[in-house]
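Below is one structure, written out as structure tokens, with a few remarks after it.
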Amino acid sequence: MLEKRLIGVITVKDGWAVQSIGYRRHRPLGRPEVIAENLDRWGVDEILLQCIDRDAQGGGPDLALLERLCRRGLSTPLVYTGGVRSVSDGVRAVQAGAERIGIDALLHDDPHLAAELAEPLGAQALIAVLPLSVHNGALAWLDHRSRLSTPLAPALLDVLASGAISEVLLVDWQHEGVHEGFDERLLALWPMPTLPLIAFGGLSEPSQLRGVLERPNVVAAAVGNFLNHREHAVQRLKQSLAGLPLRAATHAPLDPARAWS
Amino acid sequence: MAALMHCRRCLYTSAHPLGLMLDAEGICSGCRVHEEKDRLDWAERWQRLESLLAPYRSRSGETYDCIVPVSGAGDSHYIVHLVKQRLGLNPLLVTYNKYFNTSLGIRNLANLRIRFDCDLIQQNVNPHAVKKITRATLRDFGSDYWHCLAGQTVFPVQTAVRYRIPLILWGAHQGLEQVGMYSHEDEVEMTRRHRQDHDLMGREADDLPTMFDTLKESDIWQYRYPDDAALSAIGVRGVYLGNYVRWDPKAQHEQMIERCGYRTAAFARTFDTYDHVDCWNYMDLHDVLKLHKHGYSKVTDHACREIRHGRLTRAQGLALVRRHEQAAPQHLDKFCEWLGLDRSGLGFLLDRHRNPRWWREAETGRWAFAGASTTAGEAAGVTMPPASAVFEANDVLAHDGIDGYITIGKGHP
Amino acid sequence: MRYCLRCLQPDTRPNTRFSDAGICPACDYVDAVRGVDWQERIDILTDLFASRRRKPGQFHDCIIGVSGGKDSTRQALWVRDKFDVNPLLVCLGYPPEQATDRGMHNLSNLIDLGFDVLVSQPAPATWRTLKRQGFERFTNSFRSTELALFSAVPQIALRYGIDLILWGENPALQLGDLKTLGKTGYDGNNLRHMNTLSSGLQWMLDAGHERRQLLPYVYPQPEEFDALGLQIIYLGWFLGDWSLVNNAMHSCAQGLEIRTDGVADTGDLFGVTALDEDFTPINQMIKYFKFGFGRTTDYVNEEIRLGRMSRERGIELVEQHDHACSPDYIARYCDYLGIGVDAFWRQVHAATNRTLFDIDGDGRIHRRFQVGVGL
Amino acid sequence: MSGARLTIGVVDYGAGNLASVARAITGLGHRCRVTRDTETLAAADAIVLPGVGAFPAAMASLHEHGLVDFLRQQARSGQPLIGICLGMQLLADMSLEHRLTAGLGLIPGRVRPLAGARWHIGWNTIEIDPEDALLSPSDGQSLYFNHAYAFDTPPPYCIGVSRLADAFTVAVRRGKVVGLQFHPEKSQLAGRLLLKNVIEGLCRA
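Residue numbers (this note's numbering), protein chains in the order written: chain A, 242 to 502; chain B, 1469 to 1881; chain C, 60 to 434; chain D, 8 to 212.
Structural data, given as structure tokens:
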């Protein structure tokens, strides 16, 4: 049967993987390609590579970084988000090794252009990245560039309803990096029950992940900071989520990618 | 290349090899995490440590409670003091022979064994492989120290698997202490990823042999991290005491000097006399390579630490850095003799690893330095450390007169 | 007490039995191997190594217990450079107070010759207390240290998953300790019955040590040997020219540093044994007062068996040096154990074999037997 | 690594990322030639046809590079051919994606939108026909899927299914032509083992 997914998030700033707290404070972690290689060996179900400063770097996806990851023989599906501003940006990111593309700022600027990405890549390759918070009992949608939150725009909801985008990465940005911080009201208030959701931001404990993954419209849970504090963090989480339709955790006997034949 | 940004409080820059983030006020992530040292309730954190370690105490006495990696310097004396005397655990000490040993380091390790009455196992990888590896790492990425870092960070983990002792206790987490990689409250633990990424500069043992050099699997296999299946079967876990104890290396060393006979020595390239006294290279050839590659050296690490602990102002720290940073290395001959290099050949290798971001060869052989300290702002006039930051040297590196590498030494009396 | 008719080995060695013809096992062994086809034995060893498959990613083929001395240096080099076998060398390191600079040099020499060496170093204070308690109880401070020495190698073999241990001389054949005789001349799995090992830990626990302090002194159980399929092989059975002097010559040609004090201080004719610490001469002297033969006898016996020394000349040397041990070494030994020199001699006198020795008014010990003749 | 190293040709016709497929093949210890040169592809022990994106664009590109007739001819000559994801769908007679487009016609059947779901994204278990020696070792394994269309084929050619609302084809085979709807190069250990069995099974049959 189709399994739910545990996604490992690598947040990248100035080419360096970081821990990100509340979309504001950052702590250095290391080389994105080394973290990706580690998540691959741990058996995470998907890797989300999130470059958060592409605008400062003049826009466009970080193709060099994508190629660096690919060269190391990454055998885990890769989702890239950060700086995708056009159809060609999306196509080039897939050519550089990403299975799927996340769109964030473009949804604010031109949601219909975002829909056009579906033509060459297929809707199954597109994810809408929506940093949300609860404001006076309603969902507020953040534009991380201006740091302003507004209600969900009708144009956005139309694009999502059109089926041009297969999944929504729903980011509780205010609780990013906060232990057990994820606010489940975001899921409850989400207006489109049929669109598959990925929950992200402040998910650290098995109890939270179970609660989130048990919701029928939630197809995946993404964890970033908290995968970096323990050895075998992915396997540990998966073992404590026994009973959920999740791919089993594995502890690789010998490092097959490096095995000396 | 992103523009070079300096922290306004300490002397680190955004080019730090472990990564460094500066916030809106221009204060770096390392200084922000250091603030936790004066905010957290360390009595409560010690209780957290006690409860975390409780399940690992062996009731049967049939095995050790934990593994403690040690050397003739570093924080080894203080760590074993904490583990054995304050936590009452029965540790198995492990050490990797880095071969660059000073007799003072040999003496300190012997002192450690006697004072704390601990069993110790020492790994000596055959020098043939060690030298082959060192030639390759010096050549390929300007590291004379890869084998030491790889051995020191993997032998304890291999021993944990072989001896079925799941718990390894380390001192402070370098990433947390220097660049605020984690908060103390993250209680970060040992991971293979961090070792590969930072301790080993991105290169695990299997990354060293290439098609075009002569390294073989039989040279590097002893530096491989145990596989995930073995680690998981034993439940190996590396805990950092620095997450539960307010870590202050200067104060700790002084306590160990006074109470446990730890001995120290002066260096040309830094004012700190407590750390790295067990190695002819760390504060010498290794420190020069660091300056070539990263545009700063160990004296900057020591200055930042002391600035953050309030024992140096930023200006005083910068004055000390500028005073020591270009001091000539004194023990290159020892390394050349050990590895069979000619001084001219070593010079060539060293120059190839000067990062153009910090070094310009105005004319052949003459290098202009443009490292972090040159753009760090105002330094204090006086170059002697104030009373608060005096480091006592009660011995010399050639403790018993032997001015060379010691493979295995007695270390007593 | 009677002597082997050929060499100067008395029948007082534990677990030894002379033949009806009055010849000691070691002399019988020299006769027995006179006609041996040594190439056939070398082929057995070559086939044994060839039959072993390395596990993937494992490059140690066997373990050799070493001290950096004459025997272990020779064995390690012979196994590696003749059979292309890569041994992990395991050394039981003496604590800093007991180790000698010479021992450190020889261990460094072995490492620099290109070997992987694991040094297991038991806690120095516990070691020291056990030595004092061993001396007070058995007049033998080596009872605990020998147990640690013999336990280190199998302990590490089991933990490293290396199922072949190469040992030096077969105590049963060459030294006449029949209890350790294995199925074949080179099978060493009965080594656990070696006199020292049979006493085990109990006396240490009785002396007040906790189990957790004695981990380096625990000799693995037979079941653990079987679980790994651990095998111990005596290289002495294959090395036809194995001898104290010959091994020393091999190792000295590879950088070995030997003793420079004289036989008068140690009873050691050529100064090629006990290189890594200075308490062995004391223990050999006490062995002499307990059993009537010491370090000089061991040397002399080998020279006689190899036809390099007459029995008469041997008798002169034994009479002159078998009890030799410099007062300076005894003083340092007492200082280390934390006992007075007079208390030391009281203990030695109490342990002296009164059928073999008389002790006169001012404490001097005199032989009641005649060297070479017996009682 | 059992047996000698094989040489695998990966068709480069500008569709999706070839580095992952190439890296997976070299990771198994085989030589890999990423090319659109028919001579090099013909000389290989097997040809891998990757593919990401839409069916019509991919067929247009194959035509443009003169690869349609070449692939048909090589498959019919018995050279092993492995289609991955869109590459599997290209083996079909035709596809309805966007507009009716003819495929390579190497395995009977047609490609149509998934029933009961708009797309199939994520890890799903595969159920393999026990008769098929290549894939049966992977029966019950989880592999990674990322597609919106499925390949309907008559029973003898369907050797593997997965389920959403109901079952649909995820692996097809006709002689030495095999199609895999999932991404073995992105399915970690399970993917590596499956790819090894398929490649080495076909080339050494």
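The beta-carbon is built from N, C-alpha and C at its ideal position, and this holds for glycine as well.
In this text the structure is predicted, and so the values were computed from the model without any measurement.
Helix, strand or coil for residue i per DSSP?
{"i": "C/D222", "result": "coil"}
{"i": "A/Y264", "result": "coil"}
{"i": "C/N249", "result": "helix"}
{"i": "B/D1587", "result": "strand"}
{"i": "A/P497", "result": "Residue confidence for A/P497 is low, a pLDDT of 47 falling below 50, so the modelled location carries little weight and cannot support an answer."}
{"i": "B/A1492", "result": "coil"}
{"i": "D/G167", "result": "strand"}
{"i": "D/Q81", "result": "helix"}
{"i": "D/S143", "result": "helix"}
{"i": "B/G1763", "result": "coil"}
{"i": "C/T356", "result": "helix"}
{"i": "A/S390", "result": "strand"}
{"i": "D/M101", "result": "strand"}
{"i": "A/A379", "result": "strand"}
{"i": "B/T1781", "result": "coil"}
{"i": "B/W1835", "result": "strand"}
Apply the 10 Å Cβ neighbour rule to residue i and answer buried if 16 or more other Cβ atoms are within range, or exposed otherwise.
{"i": "C/K114", "result": "exposed"}
{"i": "D/K203", "result": "buried"}
{"i": "A/M433", "result": "exposed"}
{"i": "D/H190", "result": "buried"}
{"i": "A/Q449", "result": "buried"}
{"i": "D/Q96", "result": "buried"}
{"i": "D/L25", "result": "buried"}
{"i": "B/M1658", "result": "buried"}
Ordered along the chain, which non-local residues of its own chain (more than five positions away) have a Cβ less than 8 angstroms from that of residue i?
{"i": "B/T1602", "result": "D1612, W1614, H1615 and L1807"}
{"i": "B/L1786", "result": "L1479, A1771, S1841, A1844, G1845, E1846, A1847 and A1848"}
Leaving out the 5 sequence neighbours to the left and right, which residues in its chain are closer than 6 angstroms to residue i when beta-carbon positions are compared?
{"i": "C/F329", "result": "none"}
{"i": "D/L56", "result": "V18, G90 and G94"}
Would you say residue i reaches chain C, if we count a Cβ-Cβ gap shorter than 8 angstroms as a contact?
{"i": "B/P1595", "result": "yes"}
{"i": "B/C1728", "result": "no"}
Check the Cβ-Cβ distances between residue i and every residue of chain B, and say whether any is below 8 angstroms.
{"i": "C/P154", "result": "yes"}
{"i": "C/Y395", "result": "no"}
{"i": "C/Q180", "result": "yes"}
{"i": "C/L189", "result": "no"}
Can you check whether the C-beta of residue i is within less than 8 angstroms of a C-beta belonging to chain A?
{"i": "D/K151", "result": "Residue identity check: residue 151 of chain D is Tyr in the sequence provided, not Lys. Chain A, which has a Cβ nearer than 8 angstroms to the Cβ of D/Y151, makes this yes."}
{"i": "D/K203", "result": "no"}
{"i": "D/V184", "result": "no"}
{"i": "B/Y1650", "result": "yes"}
{"i": "D/G84", "result": "Correcting the residue identity first, residue 84 of chain D is Ser in this sequence and not Gly. No, because no Cβ of chain A sits closer than 8 angstroms to the Cβ of D/S84."}
{"i": "B/D1654", "result": "yes"}
{"i": "B/G1872", "result": "no"}
{"i": "B/E1657", "result": "yes"}
Near residue i, what residues of its chain come up, given a Cβ to Cβ distance below 7 angstroms and the 5 sequence neighbours on each side ignored?
{"i": "D/T5", "result": "Because residue 5 of chain D is not part of the residues shown, which for chain D are 8 to 212, the question remains open."}
{"i": "B/Y1873", "result": "Y1567, F1568, N1569, W1748, K1802 and W1806"}
{"i": "B/I1702", "result": "A1628, V1629, R1632 and P1634"}
Quick one: is residue i near chain D, going by C-beta distance under 8 angstroms?
{"i": "A/L362", "result": "yes"}
{"i": "A/V266", "result": "It is worth fixing the name first, because residue 266 of chain A is Arg in this sequence and not Val. For A/R266, the answer is no, since every Cβ of chain D falls outside 8 angstroms of its Cβ."}
{"i": "A/G404", "result": "yes"}
{"i": "A/T317", "result": "yes"}
{"i": "A/L511", "result": "Coverage of chain A is limited to positions 242 through 502, which leaves residue 511 of chain A absent and any answer about it impossible."}
### Length at least 3, wholly inside the region 332-369 of chain A: the beta strand (DSSP E) runs in chain order
341-344
### Message
Restricting to runs no shorter than 3 residues, where is the beta strand (DSSP E) found entirely within the region 1533-1605 of chain B?
### Response
1534-1537, 1559-1564 and 1587-1592
### Message
For a minimum of 4 consecutive residues, which ranges assigned as the alpha helix (DSSP H) are wholly contained in the region 1632-1720 of chain B?
### Response
Complete alpha helix (DSSP H) runs here, min 4: 1642-1647, 1685-1688 and 1696-1702.
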